[in-house]
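Student:
Chains as they are written, first to last, in my numbering: chain S, 1 to 630; chain B, 631 to 1007.
Quick look at the structure:
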């Protein structure tokens, strides 16, 4: 018997085996009925609370999930990247709301649509095939991760550079697709392209410059070597150009050079290259000729083209050209040698007024001035004819003098004061560059010590040539010099060019790292004129970028140069570097540079390079920085 | 210690002659009943006449417990004459919930003495804020004094409760009996047996023991949704879903509903429901309620069992009675079965129980079976 029923019988004093009287029976029924009602109530309550509480649990679960999703979307929406998930069928299953900003497309233009349609409608036709193939490869390969790059058309018709990463996450239950994170890299690419163009183009004439000529010469030599052909290099130097410049001014000189460039190009085949090497020096590369004789025919043609009178601003100008011809494989085995030989031949042509001269080994001796200078340089070094001048650098905002750049000059007994361009390249070819650089470093550091003793805290910058940069003994040598002069390493700045680094990047990096560890500051000189690899720049232990004077010069009237300077400042600052502008020649340019965020300025507007004694007088007129004694 | 149990029922009158022979200043008379108040007054007068020197205490109920039985509409009486224990009785009035703390202090100050071992508190069940009352008591009494008791009940009506004061049933009163001496042992045990269920909710608006909102929703609306058809039985049916106070602050306390207010959509609980705290609804599990009662009985047996058994006072929550219904007596039997055979059990169904918590300080409990055992060495 159920204990409840047994208790009910007991409470009513009833015997389970004896039927009760009517009153007792009714009381028992009342109690039994109460039990049934209790059970019904209890069941009703239990079922209701189970239903309601499971509804509440479900709602809470949903709420948490929505909260998570909202947070996730907010994170993606705030990102500078946009995220796209492409499912196994190639359909865009998800796109983050930042797509509106990054891709300039509404999410509903993407979500739910096949990726192929997106590519067909918005991706540059030249990139579509490659992108499609890469996405297919990514979709087909579990766990695969690859970078993607393409140009995207904006609604206004302009093209943007998009870069990103694709990851196959089909196996990831949370994604189940190909995850693409994309960002707009147009600004960065634009700067890279501008710098590259700048690096390979002569600004005045639009012709390829020395760097591009060198590159093409190397290619031509490789090709000629394979095909058994001849590649010739013609070096042109204009006669009497200096007179034009001196008598009519730079403006006429520049116009003349532009016309010369046009005539040179007009006389050549498409496969030939005319380049301007600087000043009045031009070069022509003939990559595929049958013999040296064919090259001399071109030389005649070029001379004829140049000898015809030029009309410049209403004036008729007559000039001549001296041409040196050298050819591969006849005279040289590589591009550098080919240029040197053409140079020798050109000097011979000029000396002999021969019009053009084909290289001959015997000519090497007949370059009297160059050979003469080379011979005298060693003696000059010992005789103290090499002097160091100092050009001040100032803080762009406060105009406080921060330091100087040491620039070497040759006080030649016969030729007067020679600039570094006249003898440094010579020194580079002979190994004299090492003692010369040591000498400059020593003089500059001693001077730095003298200033410190006088209470002037100035850093000193010294230029390092390629050969010195690759000199493994350089760090030790500098350590020694710093110790001897008791100058703190951070007061010494070593300026190096990108092209010097790129000659042997591995070795250069090793030496730069050692110098950096010493505490010496490193600056990239002439930034923007060499081949600028942003990725490589990041890996260099440099502290400063020196924007090349050519960009600074036209900063205010050339939009392209302004973009380059602004981008370089941004780039430098992003990499944590100070940015120095060289060649500041007027106050307006200085102002503009300060506005652009440039840190340091240098140029004639501030001061020309000057001897130490003269500098001391000049400094006395400048705001006095606080000296720190160490 | 000499104990007699007797009962009064409307149809049969007293179950035994009133034991006048046990009268004396160390005699305690406990009377718990739920007849109409004038009937109760008459019975109390009869007891006072038969036992003029004894300390008479008691209160109205939501059901009387006597031995193994649970009844309604009658009176349960225990007469206990102590041999080595002194008794002192005191009362305090509570006109509004805000008087509660001071009432607690008043009672404790009247009783506090070095020999005080235990205090049995019987309180008005509707006006008093039990938490505040006990806070007042705790401020005065040393921690080692065992405080137990309960809040008077009024069936499932929640309309009018009374407490015996000066021998008469009186509303708005709290009474306390102090037990003094070296030989008295006061045991106690309290257990619920309810299970929390569903989501945790935040108390977004409350004021002391008045709860307005949970998770921004009127608390009364939530209860009505859960009760469905049974909402018609409010406030009594709200007892089906006590509130568990969650987390460290709650310390596992349970709160039961005393009243609802449709106008403000609020609910008044027997103890505080702190704003900002978290709560969870609870539900009954029949077997666990009965098991909880048995555990309370076992906990209330301090040390070696006395040969003559205990006088055991069972104060159980009206909410349990509502759930257990016809099976209510099962928990009373479970309590009695967990005590030594010669024990005497009296008690009532209450609107709140008072007993030390796990940490030893006395707290207001709800939805529990709370047992106090008295014995002299």
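Glycine included, each C-beta is placed from N, C-alpha and C at the ideal position.
(1) Of all the options B:780, B:708, B:642 and B:726, which has the alpha carbon lying nearest to the alpha carbon of residue 652 (chain B)?
(2) I'd like the ranges of any beta strand (DSSP E) spanning at least 3 consecutive residues and lying wholly in the stretch 965 to 992 of chain B.
(3) Express the C-alpha separation of residue 499 (chain S) and residue 366 (chain S) in angstroms, rounding to a whole number.
(4) When you compare each of B:814, B:766 and B:753 to residue 800 (chain B) by their alpha carbons, which one comes out closest?
(5) Distance check for residue 255 (chain S) and residue 285 (chain S), CA to CA, integer angstroms please.
(6) Compare the C-alpha of residue 967 (chain B) against each of B:838, B:780, B:923 and B:932 and name the closest.
(7) Answer yes or no: do residue 766 (chain B) and residue 735 (chain B) have a C-beta to C-beta separation smaller than 9 angstroms?
(8) Would you call residue 586 (chain S) buried or exposed, if buried means 16 or more other Cβ atoms sit within 10 Å of its Cβ?
(9) Using CA coordinates, which residue listed in B:715, B:825, B:870 and B:821 is at the minimum distance from residue 946 (chain B)?
(10) Per the DSSP calculation, residue 887 (chain B) is bridged to which residue(s)?
(11) Pick from B:931, B:845 and B:849: whose alpha carbon is nearest that of residue 894 (chain B)?
(12) Any idea which residues DSSP pairs residue 910 (chain B) with across the strands?
(13) Would you mind stating whether residue 49 (chain S) and residue 899 (chain B) have Cβ atoms separated by less than 9 angstroms?
(14) If you count every other CB in all the chains shown that lies within 10 Å of the CB of residue 927 (chain B), and 16 or more means buried, which is it?
(15) Might you give, ordered along the chain, the residues of its own chain that have their beta carbon closer than 6 angstroms to the beta carbon of residue 438 (chain S), omitting 5 neighbours on each side?
(16) Which value, in whole angstroms, describes the spacing of the CA atoms of residue 241 (chain S) and residue 319 (chain S)?
(17) Comparing the C-beta of residue 859 (chain B) with each C-beta of chain S, is any distance below 9 angstroms?
(18) Distance, Cα to Cα, residue 870 (chain B) vs residue 972 (chain B)?
(19) Tell me whether the beta-carbon of residue 508 (chain S) lies closer than 9 angstroms to the beta-carbon of residue 470 (chain S).
(20) Just list the beta strand (DSSP E) runs in the stretch 200 to 228 of chain S, keeping only unbroken ones of 3 residues or longer that don't cross its boundaries, in chain order.
(21) Show which residues of chain B have a CB atom less than 9 angstroms away from the CB atom of residue 23 (chain S).
(22) Please confirm if the stretch 641 to 650 of chain B is in contact with the stretch 671 to 687 of chain B, defined as three or more CB-CB distances below 8 angstroms between the two stretches.
(23) Flag residue 1 (chain S) as yes if its beta-carbon sits less than 9 angstroms from any beta-carbon of chain B, otherwise no.
(24) For residue 608 (chain S), which of helix, strand or coil comes out of DSSP?
(25) Among B:686, B:872 and B:692, whose alpha-carbon lies nearest the alpha-carbon of residue 824 (chain B)?
(26) Measure the CB-CB distance between residue 406 (chain S) and residue 390 (chain S) and report whether it falls below 9 angstroms.
(27) At what residues does the beta strand (DSSP E) containing residue 999 (chain B) begin and finish?
(28) Between the alpha carbons of residue 919 (chain B) and residue 961 (chain B), how many angstroms are there, rounded?
(29) In its own chain, which residues sit with a C-beta less than 7 angstroms from the C-beta of residue 411 (chain S), not counting the 5 before and 5 after it?
(30) At least one CB of chain S closer than 9 angstroms to the CB of residue 827 (chain B): is that the case?
(31) By DSSP, does residue 164 (chain S) sit in helix, in strand, or in coil?
(32) Starting from the N-terminal side, write out each stretch of the beta strand (DSSP E) that is 3 residues or longer and does not extend beyond the stretch 536 to 568 of chain S.
(33) When the Cβ atoms of the stretch 839 to 849 of chain B are set against those of the stretch 12 to 22 of chain S, are three or more pairs found closer than 8 angstroms?
(34) Determine, using beta carbons only, whether residue 911 (chain B) comes closer than 9 angstroms to chain S.
(35) Within its chain, find whatever has a CB closer than 6 angstroms to the CB of residue 868 (chain B); leave out the 5 residues flanking it on each side and keep chain order.
(36) Where do the N-terminal and C-terminal ends of the alpha helix (DSSP H) with residue 136 (chain S) fall, by residue?
Tutor: Short version:
(1) B:708
(2) 974 to 980 and 982 to 986
(3) Any reading at residue 366 (chain S) must be qualified, since the residue scores a pLDDT of 47, below 50, and its modelled position is unreliable; no value is offered.
(4) B:753
(5) 23 angstroms
(6) B:923
(7) yes
(8) exposed
(9) B:821
(10) B:899
(11) B:849
(12) B:874
(13) no
(14) buried
(15) none
(16) 7 angstroms
(17) yes
(18) 34 angstroms
(19) yes
(20) none
(21) Correct list: empty, because the minimum Cβ distance to chain B is about 13 angstroms.
(22) yes
(23) no
(24) coil
(25) B:872
(26) yes
(27) 999 to 1006
(28) 7 angstroms
(29) 385, 387 and 417
(30) yes
(31) strand
(32) 544 to 547
(33) no
(34) yes
(35) 853 and 887
(36) 125 to 140
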